[in-house]
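*Asks:* Chains as they are written, first to last, in UniProt numbering: chain X, 1 to 296; chain L, 1 to 292. No residue lacks a Cβ here, since even glycine has one placed at the ideal position from N, Cα and C.
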């Protein structure tokens, strides 16, 4: 009681956040029971029939849902790799630009796409990447046949990954630039006295100094391995590329919201959340162990 | 010195040129859209526009502004962005303060932190969330756009890490002078946290301005769509029903230029605030990252 009297203000401060958290995070978690029901909206949760693990069995039996899980993994893993590699290289190259004004200008331009939504960028890309769009015109002037980037199953994943890297590489560079700024200059001086040229300095001073950051960013990204980017896919895909482009989140939207298979949709959602949670907890542990990272 | 060698200088020139080209590629698509939006129908439909308007025309903007649904959606987005950001700031600020305390000062801290982190790593998924929104009677309500996103654990963590860096003596002095924790928070912490608040405000503003899916999911009527949702339906889904243009008129104006104008108007606020807030988000990003 004494501590409550002393700390009541702290609890009061947390009331607004807790109310919203209960309403919009914890109560929906209770709705997960729908995954074990044949949910009918007019019967609500209390009246719907219990079906045990049927929804999950169905999930693994349906061909399209297995394809969707596979698509999600491929797209997310490739995005993870390139979103780590490209910013890493870009940060090192940018670090070599000696003129500060040039460096700043480049930074300002490459950060920008991150702040635009996939609706805006999707609208732009639908026009740019169409068969008679700007990109195909340029490719055409080199004699390349028009490519249907967003309507061809062979090109769709490539387009999705490339455009995602294009949108995010600048923003993802920020943490590496911060790490670069933290490198002790005397390391470079020592290397220089030992006769290391710039490439050797990069190879033996810069890169090793960035490795902890690569480990942190890489392990933390692991928790997102089932997030292939709903906003992007939803705004770029169409029925022509469902086969290679449909991911868990877009699939849930189409089956549950549009076709009304609520119980099945919840089951996929639960499958995704549960695996993600395990991966996130695991990756935080690893980030803590390998690089001393902690969130709180 | 390495940078005086010939090899390095040649590398440096190539490197700089390459990076400049890369940077330009990040904005070329936007420039193209801007050029299309100011071009005449014939040029745009024939795909003749590159990075500069052909047969300059503001017809597309006139058509866009003429549409009351479009203007109303901007108004909803403005309201949503202002209210949503204010609410997020208040909640983040209030919650971060107690959570930044040591476990020994604030006994409940561990439990609260776990609750927050748990919502970060696990959620009920789209469908249960949708049903809760229905049951709460929030369908078609403006508040569905503002309330669910108001608690953002990531922003709370950013803020509490900033609070941790504030010298303890400041707080102790205030408490000894008889201020309670609310007073301390608002009169001592508020003025010195302005850079962090700016960071959080920027993230929150961008989030609200760009959000489109909640509008699509929870609003049955396009009259209540925020701008991003409106744009999603007319630009991505190419749904012309909310455009209020009769078929005859459609032949006279180019869908391409009108779309381009709408895209540009949708991106404009971000393009405007972005340069001013850049230094803050860079600081904010690195603030929340690695601590050694």
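Is the beta carbon of residue 145(L) less than 8 Å from the beta carbon of residue 200(L)?
*Replies:* no
*Asks:* Under 7 Å Cβ-Cβ, which residues of chain L neighbour residue 96(X)?
*Replies:* 12, 15
*Asks:* For residue 192(X), report the span of its alpha helix (DSSP H) as first-last.
*Replies:* From DSSP, the alpha helix (DSSP H) with residue 192(X) extends over 185-193.
*Asks:* Kindly indicate the opening and closing residues of the alpha helix (DSSP H) around residue 61(X).
*Replies:* In the DSSP annotation of this structure, the continuous segment of the alpha helix (DSSP H) that includes residue 61(X) starts and ends at 54-61.
*Asks:* So, is the C-beta of residue 32(L) closer than 8 Å to a C-beta in chain X?
*Replies:* yes
*Asks:* Verify whether the separation of the beta carbon atoms of residue 28(X) and residue 117(L) is less than 8 Å.
*Replies:* no
*Asks:* Can you tell me whether residue 292(L) is buried or exposed, with buried defined as 16 or more other CB within 10 angstroms of its CB?
*Replies:* Low local confidence applies: a pLDDT of 35 at residue 292(L) is under 50, so the model's placement there is unreliable, with the coordinate-based value given in what follows. Looking at its Cβ environment, which holds fewer than 16 other Cβ atoms inside 10 Å, residue 292(L) is exposed.
*Asks:* Helix or strand or just coil, what does DSSP make of residue 37(X)?
*Replies:* strand
*Asks:* Using the Cβ count rule (16 or more neighbours within 10 Å means buried), how would you classify residue 104(L)?
*Replies:* exposed
*Asks:* For my contact list, residue 263(X) and residue 37(X) are in at a C-beta cut-off of 8 Å; report their separation, rounded to the angstrom.
*Replies:* At roughly 5 Å, the Cβ-Cβ gap stays under 8 Å, so residue 263(X) and residue 37(X) are in contact.
*Asks:* Taking C-beta to C-beta, are residue 27(L) and residue 112(X) nearer than 8 Å?
*Replies:* Yes.
*Asks:* Does residue 134(X) come within less than 8 Å of chain L when only Cβ atoms are used?
*Replies:* yes
*Asks:* Do the segment 192-211 of chain X and the segment 141-150 of chain X touch if we need at least three Cβ pairs shorter than 8 Å?
*Replies:* no
*Asks:* With residue 237(L) and residue 212(L) assumed to form a contact (beta carbons below 8 Å), what rounded beta-carbon distance in angstroms separates them?
*Replies:* About 11 Å; that fails the 8 Å criterion.
*Asks:* Can you give me the start and stop residues for the alpha helix (DSSP H) that residue 219(L) sits inside?
*Replies:* No alpha helix (DSSP H) holds residue 219(L); DSSP gives it neither H nor E.
*Asks:* I'd like the list of long-range same chain contacts for residue 260(X), defined as Cβ closer than 8 Å, with 5 residues on each side in sequence excluded.
*Replies:* 41
*Asks:* Who are the neighbours of residue 113(X) on chain L, taking C-beta pairs under 9 Å?
*Replies:* The contact set of residue 113(X) on chain L, defined by CB atoms closer than 9 Å, consists of 26, 27, 29, 30 in chain order.
*Asks:* So what's residue 169(L) in DSSP terms, helix, strand or just coil?
*Replies:* helix
*Asks:* Does any C-beta atom of chain X lie closer than 8 Å to the C-beta of residue 212(L)?
*Replies:* The beta carbon of residue 212(L) sits closer than 8 Å to some beta carbon of chain X.
*Asks:* Would residue 288(X) and residue 226(X) be called neighbours here (beta carbons separated by less than 8 Å)?
*Replies:* no
*Asks:* Per DSSP, residue 49(X) is paired with what?
*Replies:* DSSP, once it has assigned bridges, lists 38(X) as partnering residue 49(X).
*Asks:* Which stretch, first to last residue, makes up the alpha helix (DSSP H) that contains residue 25(X)?
*Replies:* Counting along the chain, residue 25(X) falls outside any alpha helix (DSSP H), and DSSP gives it neither H nor E.
*Asks:* Assign residue 15(X) to buried or exposed, taking buried as 16 or more other Cβ atoms, counted over all protein chains shown, within 10 Å of its Cβ.
*Replies:* Classification of residue 15(X): exposed, given that the 10 Å Cβ count is below 16.
*Asks:* Name the chain L residues whose beta carbon is nearer than 8 Å to that of residue 286(X)?
*Replies:* Correct list: empty, because the minimum Cβ distance to chain L is about 14 Å.
*Asks:* DSSP three-state call for residue 161(L): helix, strand or coil?
*Replies:* Residue 161(L) falls in the helix class under three-state DSSP.
*Asks:* For the segment 143-171 of chain L, which residues have a beta carbon sitting closer than 7 Å to at least one beta carbon of chain X?
*Replies:* Against chain X - using a Cβ distance shorter than 7 Å - the residues of the segment 143-171 of chain L are 147, 148, 150, 151, 157.
*Asks:* Can you list, in chain order, the residues of the segment 121-138 of chain L whose Cβ is nearer than 8 Å to any Cβ on chain X?
*Replies:* 121, 122, 123, 124, 125, 126, 127, 128, 129, 130, 131, 132, 136
*Asks:* Using the beta-carbon of each residue, which ones in chain X are nearer than 7 Å to residue 267(L)?
*Replies:* Per Cβ cutoff of 7 Å: 116, 120.
*Asks:* Any chance the segment 173-182 of chain X sits against the segment 275-294 of chain X, with 3 or more Cβ pairs inside 8 Å?
*Replies:* Short answer: they don't touch.
*Asks:* Could you spell out where the alpha helix (DSSP H) holding residue 169(X) opens and where it closes?
*Replies:* 153-181
*Asks:* Does the count of Cβ pairs from the segment 243-254 of chain X and the segment 64-76 of chain X closer than 8 Å reach three?
*Replies:* Here the segment 243-254 of chain X makes contact with the segment 64-76 of chain X; the two share three or more CB pairs at distances below 8 Å.
*Asks:* What do you reckon, are the CB atoms on residue 180(X) and residue 236(X) nearer than 8 Å?
*Replies:* With contacts defined by Cβ atoms closer than 8 Å, residue 180(X) and residue 236(X) do not form a contacting pair.
*Asks:* Roughly how many angstroms separate the alpha carbons of residue 131(X) and residue 44(L), rounded to a whole number?
*Replies:* 15 Å
*Asks:* Return no unless some Cβ of chain L is closer than 8 Å to the Cβ of residue 206(X).
*Replies:* no
*Asks:* Roughly how many angstroms separate the alpha carbons of residue 123(L) and residue 25(X), rounded to a whole number?
*Replies:* Computed Cα separation, rounded: 6 Å.
*Asks:* Using a Cβ-Cβ cut-off of less than 8 Å, give me the residues of the segment 232-261 of chain X that come near chain L, in sequence order.
*Replies:* 234, 235, 249, 252, 253, 256, 257
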